[in-house]
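K.L.:
When we follow my numbering, the leftmost residue of the sequence shown carries the number 75, and every step to the right adds one.
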Amino acid sequence: MSSNPSDPNHLLHHFETLAVHAGVSPDPTTGAIMTPIFQNSTYAQRAVGEHTGYEYSRTDNPTRTALQNSAAALEGGRYGLAFASGMAATDTLVRRLGPGDHVLSGNDVYGGTYRLFDKVLAKNGVEFSYVDTSDLEQVEAGLRPNTRMVWLETPTNPMLRLTDIAAVAQLTQAHGALLAVDNTFASPALQRPLLLGADVVVHSATKYLGGHSDVVGGLVIVNDQALYEDLKFLQNAAGAVPGPMDCFLTLRGIKTLPLRMQAHCANAQRLAEFLSQHSAVSQVIYPGLESHPQYELAKRQMAGGGGIISFIMEGGEAAASSVAANTQLFTLAESLGGVESLIEVPAVMTHASVADSSLAVDPGLVRVSVGIENCADLEADLSQALAQLAPVSKPAAVEAVGA
């Protein structure tokens, strides 16, 4: 960070200020405050082989550059790369590996990530294995001589398990493997893995960074220049890049990320406490509850419990489907991280691709993405949906755990 008082970047000390200003500046031609949407494919060159830094928009685009710089600043990294989706970002990162290389992954990951690993990339000879990364002994035991990368989600999707990033970073550094952290669920407003020792941060920018359910995108942030240059080559060669409008929308969303995450966390905490007292719910899974197995880690590693709650219904699959179908403010839909509240049943929706694997999800589990609406209204909506269930006999006390 600059220490020159004439450079406005020397004032970017706090996350809220970074979200508004980092990586962007008024357009030098027009003075436009918001980064323009450079909706073009090619650029005039000064002379043969001499350009202004932009020659073709698959390679670079000014709107995308602003997004990449902003995302890198938010994560405390040096380099950012934007992609057409979170899966494109993940694919590009793992595409660096070759036959015989091994990736150690968490055993509770987004279904699309497992599908990419198991059904696509494994056919190219990359080996994948899965362990509970919240257990450091399992991580250490899972490392192989050919392990090139450890892949973490923390919190995981959908069981919201947490992994001690700093501790795993020590293991991967000693082993000579890269540590990649999917930070989608927490966002850099709550957690910055690079500052804890990770080598790579990956985001589905579709979620909290965009924040308005109107854009699909992905991001990779790194500190190492050689790694960045490898990924930059692949970004251009494979071409899975976002369009300028998508970059503009994500930049717009980032500016309100700190405020939105405060509301997401406050609402989710209150709803998790409400659900943990409901007789129709057997387990509530939320890092902000003291009963979560990694509650102390959550307090140390995150700035809030996040906006996602998972809970398991006493009545199993039928009860889960009933609740998801009968909410009125919570929209039955996949995805997460928008200003509006969403509800889904992962076993048959976002995680259907792991149904026949060891990563299968409890069919009675419901996942909610808590929005920024008034929490009293959200609580009333869940209450009325739960009230439509047939009574289930169970003990008075409800177990609220992190599973």
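Even glycine gets a Cβ: it sits at the ideal position worked out from N, Cα and C.
Please read these numbers as outputs of a predicted model, since none were measured by experiment.
In angstroms, rounded to a whole number, what distance separates the CA positions of Ala314 and Ile328?
P.N.:
Roughly 21 angstroms between the two C-alpha positions.
K.L.:
Count the other CB atoms, across all protein chains shown, that sit within 10 Å of the CB of Asp165; report buried if there are 16 or more and exposed otherwise.
P.N.:
So Asp165 ends up on the buried side.
K.L.:
Should Ile383 go down as buried or exposed, given a rule of 16 or more other Cβ atoms within 10 Å for buried?
P.N.:
So Ile383 counts as buried.
K.L.:
Which whole runs of the alpha helix (DSSP H) in the region 101-156 are 4 residues long or more, in chain order?
P.N.:
Qualifying alpha helix (DSSP H) stretches, in chain order: 136-148.
K.L.:
Kindly indicate which residue of Ala377, Pro229, Leu460, Trp225 has the alpha-carbon position closest to the one of Asn355.
P.N.:
Strictly speaking, residue 355 in this sequence is Val, with Asn absent from that position. Among Ala377, Pro229, Leu460, Trp225, the Cα nearest to that of Val355 is on Leu460.
K.L.:
Hey, how far is the Cα of Asp62 from the Cα of Pro219?
P.N.:
The structure shown does not extend to residue 62, since the chain spans only 75 to 477, so no value can be given for it.
K.L.:
Here's a check: name, in chain order, each residue in its chain whose Cβ is nearer than 6 angstroms to the Cβ of Glu391, leaving out the five neighbours to either side.
P.N.:
Pro437, Gly438.
K.L.:
Near Gly186, what residues of its chain come up, given a Cβ to Cβ distance below 6 angstroms and the 5 sequence neighbours on each side ignored?
P.N.:
The answer, listed in chain order, is Met161.
K.L.:
Report the CB separation of Arg149 from Val290 in whole angstroms; it is logged as a contact under 8 angstroms.
P.N.:
What sits at residue 149 in the sequence shown is Glu, not Arg. 20 angstroms between Cβ atoms; not a contact.
K.L.:
Relative to the C-alpha of Ser457, which candidate in Glu414, Ala429, Leu403 has its C-alpha closest?
P.N.:
It is Leu403 whose Cα lies nearest to the Cα of Ser457.
K.L.:
Quick one: grab the DSSP three-state call for Met335.
P.N.:
In the structure shown, Met335 sits in a helix (DSSP, three-state: H, G or I).
K.L.:
For Met319, which residues from the same chain have a beta carbon less than 6 angstroms from its beta carbon, with the 5 sequence-adjacent residues on both sides left out?
P.N.:
Ile111, listed in sequence order.
K.L.:
The alpha helix (DSSP H) with Ala254 in it runs from where to where?
P.N.:
From DSSP, Ala254 is part of no alpha helix (DSSP H) but of the beta strand (DSSP E) over 252-256.
K.L.:
Using three-state DSSP, classify Phe404 as helix, strand or coil.
P.N.:
Coil.
K.L.:
Of all the options Leu331, Asp304, His425, which has the alpha carbon lying nearest to the alpha carbon of Arg169?
P.N.:
Out of Leu331, Asp304, His425, Asp304 has the C-alpha closest to the C-alpha of Arg169.
K.L.:
Which residues in the same chain as Ala394 place their Cβ atom closer than 6 angstroms to its Cβ, once the five residues preceding and following it in sequence are excluded?
P.N.:
If we look at Ala394 and ignore the five residues flanking it on each side, its Cβ neighbours are Met387, Val419, Gly438, Val440.
K.L.:
Among the candidates Ser159, Ala241, Asp256, whose CA atom is the shortest distance from the CA of Gly271?
P.N.:
The candidate whose alpha carbon is nearest that of Gly271 is Ala241.
K.L.:
For the beta strand (DSSP E) containing Tyr204, name the first residue and the last one.
P.N.:
Where Tyr204 is concerned, the enclosing beta strand (DSSP E) stretches over 201-205.
K.L.:
What does DSSP give as the partner residues of Glu227 in its beta bridges?
P.N.:
According to DSSP, which records beta bridges pairwise, Glu227 is partnered with Asp256.
K.L.:
Does the contact criterion of 3 or more C-beta pairs under 8 angstroms hold for the region 276-283 versus the region 95-113?
P.N.:
Verdict: no, contact absent.
K.L.:
Under a Cβ-count criterion, where at least 16 other Cβ atoms within 10 Å of its own Cβ denotes burial, should Gln462 be classed as buried or exposed?
P.N.:
Classification of Gln462: exposed, given that the 10 Å Cβ count is below 16.
K.L.:
Please state if the CB of Leu167 and the CB of Ala254 are separated by a distance shorter than 8 angstroms.
P.N.:
Yes, the pair counts as a contact, with Cβ atoms nearer than the cut-off.
K.L.:
Is it right to say Gly549 is buried, meaning 16 or more other beta carbons lie within 10 angstroms of its own, or is it exposed?
P.N.:
In this structure the chain extends from 75 to 477, so residue 549 is not present and cannot be described.
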